[in-house]
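The opening residue of the sequence shown carries number 1 in my numbering; numbering runs sequentially from there.
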Amino acid sequence: MIGTKPVRVLIADDQTLFRSGLARLLDDDPRVTVVAEAADGVEAVRRCRETEPDVVLMDIKMPNLDGIQATEQILAAMPGTPVLILTTLEADSHVLAALRAGASGYVLKDADLEAIVASILTVKSGERVMAGAVAQRVLGMLTGDTTPKDFYDGLTAREVEILKLIATGCANKQIAYKLAISEKTVRNHISNMYEKLQIFDRSQAVLYAARKGLVQL
1 MIGTKPVRVL
11 IADDQTLFRS
21 GLARLLDDDP
31 RVTVVAEAAD
41 GVEAVRRCRE
51 TEPDVVLMDI
61 KMPNLDGIQA
71 TEQILAAMPG
81 TPVLILTTLE
91 ADSHVLAALR
101 AGASGYVLKD
111 ADLEAIVASI
121 LTVKSGERVM
131 AGAVAQRVLG
141 MLTGDTTPKD
151 FYDGLTAREV
161 EILKLIATGC
171 ANKQIAYKLA
181 ISEKTVRNHI
191 SNMYEKLQIF
201 DRSQAVLYAA
211 RKGLVQL
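Okay, here's the thing in structure tokens:
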């Protein structure tokens with residue numbers, strides 16, 4: 001890339017080893033230079049204002065301020081700054097939330113270095129990128145070709161609502177009160193939900209809800 005300045009990157013991730021390791025690897029590539037690192041969303045917003053990077057690599061799950069909220073704040077303060085969500089999560093709701101927040105793309109942490117660099121260069125040029133593992137599913141949701149029901153393994157909207165309440169620790173009686181339905185109806189919904197998801201208890205329901213991004217554990 002003779003005559004071309006390297007893309008200035010900020011990395012925000014609360015996992016120190018991953019963040020510093022990625023920073024070293026990226027710095028070895030002449031197309032990229034890491035200008036700042038951040039351990040949480042609050043620091044990411046502050047360091048972004050200080051260094052004005054060309055591209056922000058943003059983890060989703062971080063303390064104090066998550067990556068989605070940090071993305072919103074960065075784009076409010078510095079419109080047009082490409083934010084590339086970098087995560088191990090493949091939950092559809094996280095992808096959609098990140099895109100709604102204004103992220104320019106989404107790449108999985110286990111992608112090889114060349115793929116991450118290519119994604120950085122792509123969003124720097126004004127285009128969007130998305131990890132192949134989730135791109136088709138997200139495209140289906142954004143275009144309306146696939147309904148949210150398909151993303152929750154056939155659960156109805158009411159069952160998803162009950163699943164979220166279970167995952168936040170509500171007992172059947174509390175769920176019935178909150179939704180203004182009978183406990184028997186709640187039990188029926190839960191039974192149907194377990195059958196569809198092929199799970200057997202609340203702990204498995206909580207794990208499913210977390211995996212789908214319905215709750216934060």
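Heads up, the beta-carbon is just placed ideally off N, CA and C, and yes, glycines get one too.
- The C-beta distance from ILE85 to ALA111 rounds to 12 Å, too long to meet the 8 Å contact threshold.
- Counting only the Cα atoms, VAL56 lies some 16 Å from GLN15.
- Here the alpha carbons of GLN204 and ARG31 stand approximately 45 Å from one another.
- MET58 has ALA12, ILE85 as its beta-bridge partners, per DSSP.
- Only exposed fits LYS178, as fewer than 16 other CB atoms lie within 10 angstroms of its CB.
- Within the DSSP secondary-structure output, TYR106 pairs in a beta bridge with ILE85, MET130.
- Separation of VAL123 and ALA171 (C-alpha to C-alpha, rounded to the nearest whole angstrom) is 45 Å.
- Inter-residue distance for LYS173 and ALA210 is about 22 Å (C-alpha atoms, whole angstroms).
- PRO63 counts as exposed, since fewer than 16 other beta carbons sit within 10 angstroms of its beta carbon.
- Comparing alpha carbon positions, the residue from THR87, PRO82, GLY41, ARG49 closest to ALA70 is GLY41.
- Under a 10 Å Cβ-count criterion, PRO79 is classified as exposed, with fewer than 16 other Cβ atoms of the shown protein chains found around its own Cβ.
- Under the three-state reduction of DSSP output, ALA70 falls in the helix class.
- Excluding residues up to 5 positions away in sequence, ASP14 lie with their Cβ nearer than 6 Å to the Cβ of ALA39 in the same chain.
- Look at THR33 here: in three-state DSSP terms it is strand.
- Between LEU197 and ALA176, the alpha-carbon positions lie close to 21 Å from each other.
- The shortest C-alpha to C-alpha distance from GLU43 to any of ASP29, MET58, ILE166, ALA101 is the one to MET58.
- Secondary structure of ALA171 (DSSP, three-state): coil.
- The DSSP-derived three-state label of ALA38 is strand.
- GLU72 sits buried, since 16 or more C-beta atoms from the chains shown fall within 10 Å of its C-beta.
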